[in-house]
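Below is one structure, written out as structure tokens, with a few remarks after it.
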Amino acid sequence: MDSFQLNCWSEHGELKVVMLCAPSLVDVTDLTVAEQVGWSDTVNHQKAMDNFMALKTTFEKAGVHVLDYARELAHDQQLLSEQLLNRYFVRDLACVIGNRLLLGNAGSSLRKPEYPLAHSLLEKWLPQQWKANLQPLHSFECGDLLILNKDAVLINLGMRTSIEAIESLKEGIFQEGFSEIAIIDLPKSNDTLHLDMNCNVVNANLVVAKSFVRHFPIQVLTAQSSRFDMVESFLKRHGLDVYWLNS
975 MDSFQLNCWS
985 EHGELKVVML
995 CAPSLVDVTD
1005 LTVAEQVGWS
1015 DTVNHQKAMD
1025 NFMALKTTFE
1035 KAGVHVLDYA
1045 RELAHDQQLL
1055 SEQLLNRYFV
1065 RDLACVIGNR
1075 LLLGNAGSSL
1085 RKPEYPLAHS
1095 LLEKWLPQQW
1105 KANLQPLHSF
1115 ECGDLLILNK
1125 DAVLINLGMR
1135 TSIEAIESLK
1145 EGIFQEGFSE
1155 IAIIDLPKSN
1165 DTLHLDMNCN
1175 VVNANLVVAK
1185 SFVRHFPIQV
1195 LTAQSSRFDM
1205 VESFLKRHGL
1215 DVYWLNS
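For the sequence shown, the working numbering begins at 975 and goes up steadily by one.
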């Protein structure tokens, strides 16, 4: 695999390398079963694969190097991976903050096998960055973290991310040059599962968020202090306007 240097300072900008994962080979045709595994509807493998291939092709036409990590697994690992319903939610497995790799830690038993499978490839592909990685001992899924700019990150204390994990990561985040970590605690339900399902950074000065998010206070951590603020005023202080979506 071609070598590349990890770095990420925002949620927008030109993509150069993207890690994806094809959907599992499993169909779940019974709505009750789908709901029991955390889905709001049934799962059709072929439809999911068609959508995945459309996304992958769009990236490649734009000149982005796409890594489908499931294809890089050993045979016995592939046999397991292709049965894991949630494996294509790759963002939760790991992310890059500043110049450091941040490894997720599964907050759900359904997802636990995915993390070591993907992490083993990251260790193989990125041996130097792996040595300096951040890895929480408690549950932390990276869909709960947004990089707002080079100064601030926003983290959701949700169903899959624990305060213990945030506490263990904050020093490493500050070491990367970020001055503030804002913590929000969104409702713990399947439709508000992760921060990136409710709020996203569109460009250097705009965030799009569901309207209910504006009512939640945040705890703002610095290396020396902690205080409370509201989401909109915090974002505006960092040069970000908010477009509120009607839920």
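Where a beta carbon is used, it is the ideal one built from N, C-alpha and C, also for glycine.
Since the structure is predicted, the reported quantities are computational estimates derived from the model, not experimental observations.
By the neighbour-count criterion, in which 16 or more other beta carbons inside 10 Å mark a residue as buried, Asp1170 falls on the buried side. Runs of the beta strand (DSSP E) spanning 3 or more residues and lying entirely within the stretch 1170-1210 occur at 1173-1177, 1180-1184, 1191-1195, 1200-1204, in chain order. Measuring C-alpha to C-alpha distances from Val1205 to each of Ser1014, Leu1214, Arg1188 identifies Arg1188 as the nearest. Restricting attention to Ala996, Val1011, Thr1016, Leu989, the CA atom closest to the CA of Val1002 is found in Thr1016.
Contact between Asn1179 and Asp1215 holds: their C-beta atoms lie close to 6 Å from each other, under 8 Å. The three-state secondary structure of Glu1154, taken from DSSP, is strand. Taking a contact to require three or more Cβ pairs closer than 8 Å, the stretch 1014-1031 and the stretch 1066-1081 do not qualify as touching. Following the DSSP letters along the chain, one finds Val1038 in no beta strand (DSSP E), marked with neither H nor E.
Under the Cβ criterion (8 Å, minimum of three pairs), the stretch 1145-1160 counts as touching the stretch 1125-1133. Cβ-Cβ separation between Val1127 and Ile1147: approximately 6 Å, consistent with a contact (criterion under 8 Å).
For Trp983, no alpha helix (DSSP H) encloses it, and the DSSP letter there is neither H nor E. By the Cβ-count criterion, Arg1211 is exposed, with fewer than 16 other Cβ atoms from all chains shown falling within 10 Å of its own Cβ.
The DSSP-derived three-state label of Asp1165 is helix. For the pair Ser1142 and His1112, the CB atoms are nearer than the 8 Å cut-off.
Taking 4 residues as the minimum length, the alpha helix (DSSP H) runs contained wholly in the stretch 1016-1089 are 1019-1035, 1049-1055, in order along the chain. Here the C-alpha atom of Ala1183 lies approximately 9 Å from the C-alpha atom of Asn1220.
A direct Cα-to-Cα measurement between Asn1177 and Val1040 gives close to 22 Å.
Residue environment: Tyr1217 is assigned as exposed (fewer than 16 neighbouring CB atoms within 10 Å of its CB, all protein chains considered). Of all C-beta pairs linking the stretch 1045-1054 to the stretch 1069-1083, fewer than three are shorter than 8 Å, placing the two stretches out of contact.
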